[in-house]
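Enquirer: Take a look at this one; I'll ask things after.
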Amino acid sequence: MRRLLAAVAAGTFLFAVTACGSSDDGGSSDGKGSSGGVTTVTVGLIPIVDVAPLYLGQEKGFYEKQGLKLKLTTAQGGAAIVPAVVSGQYQFGFSNMTSLMIAQSNNVPVKAIANGIASTGEDGKDFGGLTVKQDSAVKSPKDLEGKKVAVNTLKNINETAVRESVRKAGGDPDKVQFVELAFDQMPAALDAGQIDAAMVVEPALATIKSQGAREIASSLVDVAPNLTVAMYFTSTQYAQENPELVKKFQDATAESLAYADAHPDEVRQIVTTYTKIPPAVLEQVTLPKWPADPNRASIEKLMQLGEDDGLFKTAPDLDKLLS
Amino acid sequence: MRGQNAVLGAAGLAAFLALGEAVPRLGLVKEAYFPPTSRIAEAFWDEVADSAFWSALGDTLTGWALGLILASCAGIVAGVVISVVPYLRETTASTIEFLRPIPSVALIPLAVLLYGTELRSVLLLVVYASFWQVLIQVLYGVQDVDPVADETARSYGLGTWARIRHVLWPTALPYVMTGVRLAAAVALILAVTAELVIGAPGLGARIAVAQTSQAVPEMYALIVVTGLLGLLINVGARTVERRALAWHQSVRGEVAV
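Here it is, written out as structure tokens:
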């Protein structure tokens, strides 16, 4: 009897699967949808400035040159991208380094294969910043002890960064109260006084600054000079089975990153095609750096800090993650 | 009577829109986070002029319609089978009561794992949520069958199929219609939620992009669109219901003797 119900439910889902099977171009799920020597790969992205090089590289034909066609799909965050890459729905994805290290330390089979973004390394001129309200009594990260600081995800890269800023300023990060808030809600929350400080990245940083907020630290810069903040990754299985495809993706991405780094105006232009950032805000946005290679030393520092703060159950294996 | 209702409805809406214009203008809330009606309207027209908006609307409607059809068919078939086959109802009751309250959004990780950010993820959530709305109503509807009518049909030698067709179905139909109408609204909510959270293409994903882009008026404009969509769907469902139940007392009204 129960089996019947299960059968009905299973049948429904099966029908759902087949009903829309035709809208699938076949290339997205198995990754081998090649036609005329062009392989279509699906890449899971977050619709933010950071991933502009892929859109630009696609437009400039860098991927086509390698025989790749990118199907760029946007998701709201790593929570959707990582499982989709691991299960083979996507061939590649974009994620921040701490999330990748957490995944790796939990034996989630991911492999970081191409550089994503790096901080600018310039204090006060980074794409992420620790900000307080204009008239706040907080002058330095040390003053955040006992205060409420918003980060987009608890126990992740931005919390690590803020803790390091507090530590560097001579404060005790354990006395800071962290709360989780989406970047886009931070300007309003800071303005309304619901939080005392916000660790925010572009384009919300530009919005916050336009409200007259003060930046008290460039926390990503505090972690390490030229910190590798995010990378493109794939599943270990896909990397093993398709080494040439991964190599092609790496080469085309390296070219795209270099191009994006050298052509900020084109970056700002292409961003308008996949986000809705208002032109006035976009002008004020500080772009990240797009070096071709990840900075291993900075990732080690990020891992060390994460370990000190208890982010990982077991130490991540960087050789396995990055090789 | 009808005209008066329309006038009152329009007046209510106008007052609401005026309030939406006045509150930010008076500085009660900051314009940056709650733009006045006129600014939202401006963004709304910009959206309407954008072809990407229409394809997003199409994606949302596809997810909604496919999900609703699947859920309705499955709900009706399952409901009738459960009611007709002896003992099946008792056997499934606890399972249904266990599965039904599970919020569809709790299945998001599963949907992502199975289907990524495709339409199928949306369908999984939509079908799961709206299936129960239909199923439960069908079960209630079948329970409402007049035992005397059923016995009469039996004694006249009507088979199972004929009894379903002539006795059970007409009794259950008003319930089924209620179920489908409820499911239509739930399906829209879940379709937009899935797009918003998972990022499957559609209006929800567009709202999310506007939100992360700090494009506040555009975000509200899209939210207004989803509201209008819900309104249209409800009106549509009621029309269908009235047509299908034109013979029924609830629609026809009591005939004065």
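For the record, the sequence lines run as chains A and B.
Okay, so the first sequence: first residue is 1 according to my numbering, each after it adds one.
Okay, so the second sequence: first residue is 324 according to my numbering, each after it adds one.
All C-beta atoms, glycine included, are put in the ideal place defined by N, C-alpha and C.
Keep in mind that this is a model prediction, so the values were computed, not measured.
(1) State yes or no: is the beta carbon of PHE183 of chain A nearer than 9 angstroms to at least one beta carbon in chain B?
(2) Closer than 7 angstroms, Cβ to Cβ, to anything on chain B: give me those residues from the region 90–107 of chain A, in chain order.
(3) Say whether chain B places a C-beta atom closer than 9 angstroms to the C-beta of VAL41 of chain A.
(4) Say whether chain A places a C-beta atom closer than 9 angstroms to the C-beta of VAL407 of chain B.
(5) Distance cutoff 9 angstroms, beta carbons only. Does LYS276 of chain A sit that close to anything in chain B?
(6) Taking LEU568 of chain B as the reference, which of B:PRO497, B:ARG504 and B:ASP369 has the closest Cα?
(7) Identify every run of the alpha helix (DSSP H) within the region 44–92 of chain A, keeping only runs that are complete inside it and at least 4 residues long; order them along the chain.
(8) DSSP three-state call for SER34 of chain A: helix, strand or coil?
(9) Mind pulling the chain B residues with CB within less than 9 angstroms of SER207 of chain A?
(10) Measure from the C-beta of THR73 of chain A to each C-beta in chain B and report whether the shortest distance is under 9 angstroms.
(11) Going by DSSP, which residues form a beta bridge with ILE117 of chain A?
(12) Report the start-end ranges of each beta strand (DSSP E) in the region 190–257 of chain A that is 3 residues or longer and not cut off at the edges.
(13) Give me the Cα-Cα distance between ALA388 of chain B and ARG561 of chain B, rounded to the nearest whole angstrom.
(14) So, helix, strand or coil for GLU474 of chain B, using DSSP?
(15) Start and end of the alpha helix (DSSP H) containing GLY128 of chain A?
(16) I believe GLY502 of chain B touches VAL468 of chain B by the beta-carbon criterion, under 8 angstroms. Please report the beta-carbon distance rounded to the nearest angstrom.
(17) How would you call SER29 of chain A, buried or exposed, if buried means at least 16 neighbouring beta carbons within 10 angstroms?
(18) Looking only at its chain, what residues have a beta carbon closer than 7 angstroms to the beta carbon of VAL435 of chain B, apart from the 5 residues adjacent to it on each side?
(19) Just to confirm my understanding: we take GLU180 of chain A, look at its own chain, exclude 5 residues before and 5 after, and list those with CB closer than 6 angstroms. What are they?
(20) DSSP three-state label for ASN107 of chain A, please.
(21) For a contact meaning CB atoms closer than 7 angstroms, what does VAL281 of chain A contact in chain B?
(22) Pull up the distance between the alpha-carbon of SER256 of chain A and that of LEU322 of chain A, whole angstroms please.
(23) Can the beta-carbon of PHE127 of chain A be found less than 9 angstroms from the beta-carbon of LEU287 of chain A?
(24) Exposed or buried, which one is ILE363 of chain B when buried takes at least 16 other CB atoms within 10 Å?
(25) Under 9 angstroms between C-beta atoms, does ASP135 of chain A make it to chain D?
(26) Is the CB of GLY502 of chain B under 9 angstroms away from at least one CB in chain A?
(27) Between which two residues does the alpha helix (DSSP H) carrying LYS148 of chain A extend?
(28) Just the C-alpha distance for GLY78 of chain A and ASP473 of chain B, rounded to the nearest angstrom, thanks.
(29) Secondary structure at THR385 of chain B, three-state DSSP: helix, strand or coil?
(30) Which residues of chain A have a Cβ atom closer than 8 angstroms to the Cβ of ILE288 of chain B, listed in chain order?
(31) Would you tell me roughly how many angstroms separate the C-alpha atoms of ALA161 of chain A and ASP222 of chain A, rounded to the nearest one?
(32) Can you find the residues in the same chain that come closer than 7 angstroms, C-beta to C-beta, to ALA507 of chain B, ignoring five residues on each side of it along the sequence?
Expert: Once the coordinates are examined:
(1) yes
(2) TYR90
(3) no
(4) no
(5) yes
(6) B:PRO497
(7) 52–60, 62–65 and 78–86
(8) Bear in mind that a pLDDT of 49 at SER34 of chain A, under 50, signals an unreliable position, so the model cannot answer this.
(9) Rather than Ser, the amino acid found at residue 207 of chain A in this sequence is Thr. By Cβ distance, chain B contributes ALA355 and GLN537.
(10) yes
(11) A:ALA230
(12) 197–201, 214–217 and 228–235
(13) 16 angstroms
(14) helix
(15) Unbroken run through GLY128 of chain A is the beta strand (DSSP E), 128–132; no alpha helix (DSSP H).
(16) In fact, because the Cβ distance is near 16 angstroms, the residues do not count as touching under 8 angstroms.
(17) Because the pLDDT of SER29 of chain A is 40, which lies under 50, any placement of that residue in the model is unreliable, and the number read from its coordinates should be weighed accordingly. Flag for SER29 of chain A reads buried.
(18) SER444 and ILE521
(19) LEU154
(20) coil
(21) GLN537
(22) 20 angstroms
(23) yes
(24) buried
(25) Looking for chain D here will not work: the only protein chains present are A and B.
(26) no
(27) Counting along the chain, LYS148 of chain A falls outside any alpha helix (DSSP H), though it belongs to the beta strand (DSSP E) covering 148–151.
(28) 57 angstroms
(29) helix
(30) Because chain B here runs from 324 to 580, residue 288 of chain B falls outside it and cannot be looked at.
(31) 7 angstroms
(32) LEU391, ILE556 and ALA560
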